[in-house]
Amino acid sequence: MTRRWLLEATVVAVAFVLCLLGGLLHADDTLAAPPVQTYLLAAVGSAVLPARRRAPVATVVATTLCGMLAAPLGLLVTPLLVAPAAISAYSLAVRTGGRAAAAVLLPSAALLVAVTPFFEADFSWEDTGRLLTVAASPLVAAVFGRSARHRRAYLAAVAERARRAEESRESEARQRVVEERLRIARELHDLVAHQITLANAQAVVAAHLLDTRPEQTRTSLDELVRTTRQALDELRGAVGLLRQPDDAATSTEPAPGLSQVPALLETFRRSGLDVTISESGTASPLPPATDLTAYRVIQEALTNVTRHAGGSSARVHLTWVRDQVAITVTDTGDASRPRSGSPPGYGLVGMRERVTAVSGTLSAGHRPEGGFLVSVHLPLPPTAVPTAAASDGPTDSENR
739 MTRRWLLEAT
749 VVAVAFVLCL
759 LGGLLHADDT
769 LAAPPVQTYL
779 LAAVGSAVLP
789 ARRRAPVATV
799 VATTLCGMLA
809 APLGLLVTPL
819 LVAPAAISAY
829 SLAVRTGGRA
839 AAAVLLPSAA
849 LLVAVTPFFE
859 ADFSWEDTGR
869 LLTVAASPLV
879 AAVFGRSARH
889 RRAYLAAVAE
899 RARRAEESRE
909 SEARQRVVEE
919 RLRIARELHD
929 LVAHQITLAN
939 AQAVVAAHLL
949 DTRPEQTRTS
959 LDELVRTTRQ
969 ALDELRGAVG
979 LLRQPDDAAT
989 STEPAPGLSQ
999 VPALLETFRR
1009 SGLDVTISES
1019 GTASPLPPAT
1029 DLTAYRVIQE
1039 ALTNVTRHAG
1049 GSSARVHLTW
1059 VRDQVAITVT
1069 DTGDASRPRS
1079 GSPPGYGLVG
1089 MRERVTAVSG
1099 TLSAGHRPEG
1109 GFLVSVHLPL
1119 PPTAVPTAAA
1129 SDGPTDSENR
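Position 118, counted from 1, in the sequence shown is what the working numbering calls 856; the numbers after and before it change by one each time, with no gaps.
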């Protein structure tokens, strides 16, 4: 507030001094002390300037009237004498649109000099240049005010764009954090839940064999130890995703893909799940992300069978066509086997997110004849080249 009052006082003082300087020149082209009416005119014209922010049009009208009184009061009309009118014209151009400002300033400029020829003695055409300068002074000030208005609007637009860009960057950063969190959550679920489910199944088998066939209990416990050790290793690798670049190096083991599916199925068989795999068509190389997604879908689907289907048998089938690979995982839904009472998790949600991320489709649901079916279609790259010779008909390799 103090700064604003200081600025207003400075403007009023400058306008007052300019008016007094304009009064030094008299009609006989001599320099002399300003007459009393000059002080009066300068005081009135400068006193209304603080109102130019709240009422710019009224201020222009008031300062124009003061300028029109110069000639009737016997003063020589000069650009300095109408300085308050120029200052108010500048403020009007800054605060209003171009047409509104022109509608006020053009009549104001004309009125400043309209009455002068009737009151100045010995008025001649030589005085026309001086009057044109007087009339042009508020118009020139308005041009500067218009330029300042455009500059302020430009700076405001730049600041707004910068603010929106900053908000956009923050929003994108938050979105990236959410996506990374979900990705890590999917990795932890796919890596750890699979191994923990197998460990639970192996522990159940060991507990069952302890009474009936104690000699096989050690074998089951050895499988349990290997499974839990692998779970710890994979958990350590997943947590390593959260490390910074300068942290200790983590495992550089490549991400799993379809080539590791046989080993994956073997772990399920050791836990008691009767699982078979079949394949038809000509296999093609998959991009790393799609290859990992295919592996995780099979892993998660079989893990769900182990958890929720009471150890019923399962079938995995891969169908290769020109532009996609279809993966189906089906469990028999054996009603004679007890179903797990485990609460639902995020397995299907994670699978759907993975499949959608590589532009694939997923469907899952109960079969009318019993059991559960997971079907996934993953696109193949356009430039995929077959890497395995196609057989005359679909191959059906079942490994039990």
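Glycine included, C-beta positions come from ideal geometry on N, C-alpha and C.
Residue i - containing alpha helix (DSSP H), residue span
i     : result
L1100 : First-last for L1100: T1099 to H1104, but that is the beta strand (DSSP E), not the alpha helix (DSSP H).
T834  : Taken as a continuous stretch (DSSP letters only), T834 belongs to no alpha helix (DSSP H), as it is neither H nor E.
A747  : T740 to G760
E918  : T866 to L926
P855  : T854 to F857
Straight-line Cα distance separating residue j from residue i
i     : j     : result
A793  : A827  : 12 Å
V755  : A911  : 57 Å
S875  : T801  : 13 Å
G1103 : G1109 : 9 Å
L1020 : L948  : Contrary to the premise, residue 1020 reads as Thr rather than Leu in this sequence. Rounded to whole angstroms, T1020 to L948 spans 46 Å at the Cα level.
S1074 : D1061 : Since pLDDT at S1074 reaches only 44, below the 50 mark, its modelled position is unreliable, and the value read off the structure follows with that caveat. If you take the alpha carbons of S1074 and D1061, they lie about 40 Å apart.
R1105 : V1112 : 10 Å
G836  : A789  : 20 Å
L849  : L870  : 12 Å
P810  : A747  : 29 Å
W1058 : S1022 : 8 Å
A1164 : A780  : Residue 1164 is absent from the model: the chain starts at 739 and stops at 1138.
E1182 : I1036 : The structure shown has nothing for residue 1182, since the chain only spans 739 to 1138.
A945  : G995  : 33 Å
R1008 : P1026 : 28 Å
L807  : A873  : 15 Å
R889  : R1034 : 58 Å
C757  : W743  : 21 Å
L877  : A824  : 8 Å
V786  : L745  : 15 Å
V881  : E904  : 34 Å
D865  : A838  : 31 Å
L962  : I934  : 10 Å
F856  : P817  : 19 Å
Q954  : R914  : 50 Å
A891  : G783  : 30 Å
P845  : L759  : 26 Å
P1120 : V1096 : 14 Å
V1067 : A897  : 56 Å
L1100 : T1094 : 8 Å
Whole-number beta carbon distance between residue j and residue i, since they are thought to touch under 8 Å
i     : j     : result
V1063 : L1011 : Not quite, the Cβ-Cβ distance comes to about 23 Å (not below 8 Å), so this is no contact.
R1092 : R924  : 6 Å
V842  : G883  : Not confirmed; about 12 Å, so no contact.
V799  : L830  : The Cβ separation is near 10 Å, so there is no contact.
Cβ-Cβ distance between residue i and residue j below 9 Å
i     : j     : result
A937  : T966  : yes
V815  : R868  : yes
A1052 : A1032 : no
H1055 : S997  : no
P773  : G812  : yes
L1118 : L1024 : yes
V1114 : G1098 : yes
G1085 : T1028 : no
A770  : L778  : no
T1044 : A939  : yes
P822  : A895  : no
Proximity test, Cβ basis, 9 Å: residue i and chain C
i    : result
Y892 : Reference to chain C is not applicable here, since this structure consists of a single protein chain.
Boundaries (first-last residue) of the beta strand (DSSP E) holding residue i
i     : result
L1111 : F1110 to P1117
Q1062 : Q1062 to D1069
Inside the stretch 991 to 1056 only - alpha helix (DSSP H) runs reaching at least 4 residues:
If we require 4 residues or more, the alpha helix (DSSP H) runs fully inside the stretch 991 to 1056 come out as 999 to 1008 and 1026 to 1046.
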